[in-house]
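As structure tokens, the structure follows; a few thoughts come after it.
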């Protein structure tokens, strides 16, 4: 018995035409879905840029502050080194200054160097929808920010060692060498943070040239003139500041 293959009701031409319409409809639907998804990611990328701009502006001005006060930090350290070197068998104790964190012998900025928004952007995988150059500049800027945060935290950890300098403790060769090494490390850290602060400033400007100018800059300058800033303290002590930063 011969089996005849089925034939379309209205002929093969009409059948393939109907199939083509179905395929075209599927392709259009898939294309529309892709367009919607692209718009979705573009919206997320734009939102991320705006949120990151705020975080980067904070980092930019924290870096600007660090650059401005670096000469003051170096001078403080040199004065403390001179005290240690000029002391005989008992440490020539350093003066103590009040601060919101308690009495201190070395004044320096304490800043958060926050990257919360950046970490959220990474978690949500938004960076893959940014332009390659933009993504690289952001990654570089936030690497510098992490370096500054780590250095600032290490600086904070040395407060106990600096407090020793406020006491007229017995001083032998071993302790003198230890104190001088601590101060030398602190001087190196201040110079290192100044260098990285300059680098992050350049990188942030590449990301958004408007950061650090206009009203934001005016607000920052007013904040730096406030009574509790390191810059204001340095001026009161007649210690040098750098004025390299400008809007």
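Numbering (the working numbering), first residue to last: 38 to 284. We treat Cβ as the ideally placed atom computed from N, Cα and C, and that holds for glycine. These numbers come from a predicted model, not from an experiment.
Scanning the segment 248-276 for uninterrupted alpha helix (DSSP H) segments of 4 residues or longer gives 251-261 and 267-273, listed from N- to C-terminal end. The C-beta separation of residue 207 from residue 95 comes to about 45 Å, leaving the pair out of contact by the 8 Å criterion.
Cβ contact annotation for residue 166 (same chain, cutoff 8 Å, sequence separation greater than five): 78, 79, 81 and 82, in chain order. Residue 131 sits away from residue 122, with the two beta carbons spaced by 8 Å or more.
Nearest C-alpha to residue 229 among 138, 194 and 103: 103. Residue 233: member of the alpha helix (DSSP H) spanning 210-244, first to last residue.
For the 8 Å CB-CB criterion, residue 240 and residue 189 do not form a contact. Beta-bridge partners assigned by DSSP to residue 134: 141.
Ranking 183, 110 and 237 by CA distance to the CA of residue 225 puts 110 first.
The DSSP-derived three-state label of residue 146 is coil.
Straight-line measurement puts the Cα of residue 191 at about 15 Å from the Cα of residue 200. Ranked by how close their Cα comes to the Cα of residue 202, the residues 181, 217, 193 and 210 have 217 in first place.
Counting the other CB atoms within 10 Å of its CB gives residue 179 a total of 16 or more, which places it among the buried residues.
Ranked by Cα distance from residue 181, the first of 246, 147 and 235 is 235. Residue 237 is not a Cβ neighbour of residue 171, given a cutoff of 8 Å. In the DSSP assignment, residue 169 falls within the unbroken alpha helix (DSSP H) covering 169-194. Residue environment analysis places residue 259 among the exposed positions, since fewer than 16 neighbouring C-beta atoms fall within 10 angstroms of its C-beta.
Linking residue 271 to residue 264 through their CA atoms gives a straight-line distance of about 11 Å.
Ranking 251, 86, 280 and 266 by CA distance to the CA of residue 157 puts 86 first.
With contacts defined as CB atoms closer than 8 Å, residue 114 and residue 227 qualify as a contacting pair.
Beta-bridge partners assigned by DSSP to residue 207: 127. With distances taken between CA atoms, residue 119 lies nearest to 213 out of 250, 213 and 135. Annotated three-state conformation of residue 113 is helix, per DSSP. DSSP, reduced to helix, strand and coil, places residue 105 within a helical segment of the structure shown. In the structure shown, residue 163 falls within a coil segment according to DSSP collapsed to helix, strand and coil.
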